[in-house]
Amino acid sequence: MKKNNKKNSVLQFFTSRSRTDSPFKRLVIHLVLIICCFIAVYPVLRVVSVSLRPGDRLLSTSLAIIPKDASFFSYYRIIFEKPFLAWLWNSLAITITTAFIGLILASTSAYAFSRWKFPGRIPGLFFLLTTQMIPAAMLVVPIYILAVRFQLINSYRGLALAYSVSSVPFSIWILKGYYDTIPRELEEAAKIDGASQMGTFYRIILPLSTPALAIVFLFNFIMAWNDWIMARIMLQRENMFTWPLGIWTLAGQFRVEWGAFTAASILVAVPVMILFLYSSKWLISGLTLGSVKG
Amino acid sequence: MEALNFEVIKDTLGQLGGMLLYILLGIILLEIFIYVILGKIFKSKYTLPYMLMIAAIFGISLLIIYPISYEIRLAFTNMSLRHFRTYTLSWAQGLKNLKLIFTEPILKNVKFFSLLSRTLLWTGVNVVFHLAGGLGLALLLNRPMRGRGIYRALLVFPWAIPQIIAVLAWKGEFHFEYGFVNIMLRNLGMQPIQWMISPFWNFVAACITNIWLGIPFMMIIILGGLQSIPLEFYDAAEIDGASRWNQFRTITLPLLKPVLTPAIVLGIIWTFNNFNVPYMINANELESTDILVTGLFRAAFEYHRYGFSAAFAMVIFIVLFVIASVYIRMTHGLKEAYE
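The listed protein sequences correspond, in order, to chains A and B. Using the working numbering, the first residue of the first sequence is number 15, and each one after it goes up by one. Using the working numbering, the first residue of the second sequence is number 96, and each one after it goes up by one.
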């Protein structure tokens, strides 16, 4: 029933490849899924729609996705009249730096957690898990006061330091889970060939863990890239903002600039969403890596 | 191009590069220190693992443990914007903070117990809808059919879009006049809703936003679990004449448990700690969408009561810890993870 009767393709769309469901049930399932997809996608399309509106008609009660006299006016404004590119640059520089630091810290520690039964290992793992429960809002209070004391407000150093460490516990869990699945025989064989413990780590474990390392890097990246609360307390000068802060000021409490906000959102979201959809299978396997023991 | 110029680029790179240099230097010093102390003086066989971990241990101590201990100390002070440097530190002040939390309003009007019950309601409603929606969609998708990949890709949109953007966009769409929610309600002939003025509807708006955001994650996790259940189980059950509902109850649910338990724990913690949604959707002067964590942030950074907020943070953490450990104890959820 696969490809031989392509003529009634509409009918086939609903009938083929299903084992037991009746055609009516299949129709209902497709209808429900289409409605759910609409709910999932429509708000995103609305952002696109508002960003394309001409400057004098930003507020309108029309529901059309592509407005009648679509223009790129808002995109022009956000790029040339707002410090949007500076926000993006700040975010990018901070995020990449911190994701790398986090990755390096986590990859070596996870190896220790995976291969040695040193004193303090189980409490350490439990502690790492507990840190995942700490609300960001709770950590932000003392960090703000300490940052004021150490004059780290309005500098990238404090922010970058905070980001590099905050996802290390989670990364250690994921990487430990992955290292655990690599057979020890490989290392023993290398040791017989005269490699040192660190040599086996660099030449065998790390290359074998590339998928997990990539996932951890991506997690660190996303975490810092999307963070609002830490940046909010650390950065107060508009030119130093990261993009979440910048976008928030556009749509925030005080003055709402819909055109600029939506255009900026699209410019940020499109690459992120492409990256995300492309790597989502990976990311999901990463979420379960740490919890399922091989 | 107002701001992205050579100066900005140089400044960012300079700051980050300097920081990297210091970090590198610090790590080298730490490694030598550990090597000498453990390796040479104590001759410990665990020198290498501790050398591997020392950088992370130091970083976590500096940026998680030290701030938390500092916060515990803060909880016993009356530090505020007025007493930023001239605060008093005493046991009595700590008790006073604790008493203030339970008796006085945390923000302008809202008190601790209404914040707590609202947080529990918020967590419950969201997690239940996430689970129901995610399970429903995963069951619908877990069958051979046309267009599955497309449905899946479209359904994860809310998860893929950066949260801040989604939340701020939703906030705009709850506008009384120009938001699509009310426009649709009007087109359907219903009364538009005062999302930003009515306390009840403001809370509902935050729930709608968060449910929309959270369903795809659950769906994907559950779908992964469903796909690992061998089809033979269902064939066998069919032969035994089990109904669809019985198959779901006796095969699907028990076999999904290893996937569901951590997903629910994560879901509860994330929802309880969710800051962006309640904070951004919030029509602030109402204080009707504030949950514990947004109350904490606003008490600290809008009312500038740092000592009080630190004490409040301790209370919140205890509440969260109790909830999570009760759930973990109930389900033995993390047993395998320790080996």
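Where is the CB? At the ideal position from N, CA and C, for every residue including glycine.
Beta-carbon contacts of Leu166(A) that lie in its chain and below 6 angstroms, excluding the five residues immediately before and after: Gly172
Can you tell me where the alpha helix (DSSP H) holding Val372(B) begins and where it ends? Asn371 to Ile376
With DSSP collapsed to three states, give me the class of Leu169(B). helix
Top-ranked residue by Cα proximity to Met152(A), from Phe407(B), Val421(B), Tyr422(B) and Ser420(B): Phe407(B)
Tell me which residues share the same chain as Tyr422(B) and place their Cβ nearer than 8 angstroms to its Cβ, disregarding the 5 neighbours each side in the sequence. Ile359, Val360, Ile363 and Gly428
Spell out the partners DSSP gives Leu184(B) in its beta bridges. Thr172(B)
Tell me which residue opens and which closes the alpha helix (DSSP H) that Ala126(A) is part of. Phe98 to Arg129
If the criterion is Cβ atoms closer than 8 angstroms, does the pair Gln289(B) and Tyr170(A) meet it? no
Which of the three DSSP states, helix, strand or coil, is assigned to Thr384(B)? coil
Ile127(B) versus chain A: which residues are under 9 angstroms apart at the beta carbon? None at all; the shortest Cβ gap to chain A is about 15 angstroms.
Between the CA atoms of Leu391(B) and Ala277(A) - distance to the nearest angstrom: 32 angstroms
How would you call Gly229(B), buried or exposed, if buried means at least 16 neighbouring beta carbons within 10 angstroms? buried
Just to confirm before moving on: does the CB-CB distance between Ala394(B) and Leu202(B) stay below 8 angstroms? yes
Which value, in whole angstroms, describes the spacing of the CA atoms of Arg344(B) and Ala227(B)? 15 angstroms
Please confirm whether Pro81(A) has its beta-carbon closer than 8 angstroms to some beta-carbon of chain B. no
Does the separation of the CB atoms of Leu193(B) and Gln258(B) fall below 8 angstroms? no
Would you grab the beta carbon distance between Leu77(A) and Ile303(B) for me? Rounded to a whole angstrom, and I think it's under 8 angstroms. About 18 angstroms; that fails the 8 angstroms criterion.
Taking only beta-carbon positions, decide if Val286(A) is within less than 8 angstroms of chain B. yes
Below-8 angstroms beta-carbon distance, Ile155(B) vs any chain A residue: yes
Spatial neighbours of Tyr374(B) within its chain, please: C-beta separation below 6 angstroms, excluding the five flanking residues on both sides. Thr389
Suppose you measure from the CA of Val155(A) to the CA of Met174(B); what does that come to, to the nearest Å? 12 angstroms
Please identify the residue among Thr356(B), Val222(B) and Tyr141(B) whose C-alpha is closest to the C-alpha of Trp130(A). Tyr141(B)
Does Leu249(B) get closer than 8 angstroms to chain D when you measure Cβ to Cβ? Of the chains in the structure shown, none is chain D; the protein chains are A and B.
With distances taken from CA atoms, which of Pro197(A), Glu271(A), Val182(A) and Glu201(A) is nearest Asn234(A)? Val182(A)
For Arg238(B), three-class secondary structure by DSSP: coil
Return the CA-CA distance between Ile122(B) and Thr384(B), expressed in angstroms with no decimal places. 44 angstroms
If you drop the 5 nearest sequence neighbours on each side, which residues of the same chain put their C-beta closer than 8 angstroms to that of Glu271(A)? Leu264 and Ala265
How many angstroms separate the CA atom of Gly116(A) from the CA atom of Phe153(B)? 13 angstroms
Please report the straight-line C-alpha distance between Tyr125(A) and Pro311(B), rounded to a whole angstrom. 32 angstroms
Ignore the nearest five residues each way along the sequence and tell me which others in Ala176(B)'s own chain have a CB closer than 6 angstroms to its CB. The question names Ala, but residue 176(B) is Leu in the sequence shown. So the list reads His399, once near-sequence residues are dropped.
Work out the CA separation of Phe140(A) and Val306(A) for me, nearest whole Å. With a pLDDT of 40 at Val306(A), under the threshold of 50, the predicted position of this residue should be treated as unreliable, and no value is reported.
My assumption, with CB atoms under 8 angstroms, is that Met237(A) sits in contact with Ile256(B). Please give the rounded CB distance. Rounded, the Cβ-Cβ distance is 16 angstroms, inconsistent with contact.
Mind reading off the beta-carbon distance from Met409(B) to Ala151(B)? Whole number of angstroms is fine, and I expect it under 8 angstroms. Not a contact, Cβ separation roughly 25 angstroms.
Output, in chain order, the set of chain B residues within a Cβ distance shorter than 8 angstroms of Gln211(A). Leu143
Report yes or no: do three or more beta-carbon pairs, one from the region 215 to 226 of chain A and one from the region 185 to 195 of chain A, lie closer than 8 angstroms? yes
Straight-line Cα distance separating Leu281(A) from Lys106(A): The sequence shown places Leu at residue 106(A), rather than the Lys named in the question. If I take the Cα positions, the gap works out to 14 angstroms.
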